[in-house]
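In full-length UniProt numbering, the protein residues as written are 1 to 136.
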């Protein structure tokens, strides 16, 4: 009997999380919901690109608290792309900076539609714009 109640509890948790997720999305796509939350939160600087059908093809975002670290440690960054590691199959770029002591910190993140050169170029242009806006 304990096994059945454990299974029921797991199902209850799964169903509850699914309802919360659906309520949060409120008919929006996950990417639309993310964009709206980034805007509402106010702690993120972001830029995105859409195609002719108004689908988001690139989303670049930086947490505002990372800017102070970036201003003092802007010389070395690493960009790593992970592919199909999320439920949406979108490549995610992690942009990481390095301090003088060798510690790492997140500079920013990006979702891109694919791993083609053009997708990377868009994000690199957004990163360049961020550097220029910060006077780096």
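The beta carbon of each residue, even a glycine, is placed where N, CA and C say it ideally should be.
Start and end of the alpha helix (DSSP H) containing residue i?
i           : result
residue 130 : 117–133
residue 33  : 30–41
Report back the beta-carbon spacing between residue i and residue j to the nearest angstrom; my notes put them in contact at under 8 Å.
i           : j          : result
residue 119 : residue 68 : In fact, because the Cβ distance is near 29 Å, the residues do not count as touching under 8 Å.
Using only the alpha-carbon positions, how far apart do residue i and residue j sit?
i           : j          : result
residue 23  : residue 80 : 32 Å
residue 45  : residue 96 : 16 Å
residue 94  : residue 38 : 17 Å
residue 133 : residue 64 : 13 Å
Tell me the DSSP secondary structure of residue i in three-state form.
i          : result
residue 90 : coil
residue 63 : strand
residue 53 : coil
residue 58 : strand
Exposed or buried, residue i, counting other C-beta atoms within 10 Å across all chains shown (16 or more means buried)?
i         : result
residue 1 : With a pLDDT of 49 at residue 1, under the threshold of 50, the predicted position of this residue should be treated as unreliable, and no value is reported.
residue 9 : exposed
At which residues does the beta strand (DSSP E) containing residue i begin and terminate?
i          : result
residue 78 : 77–82
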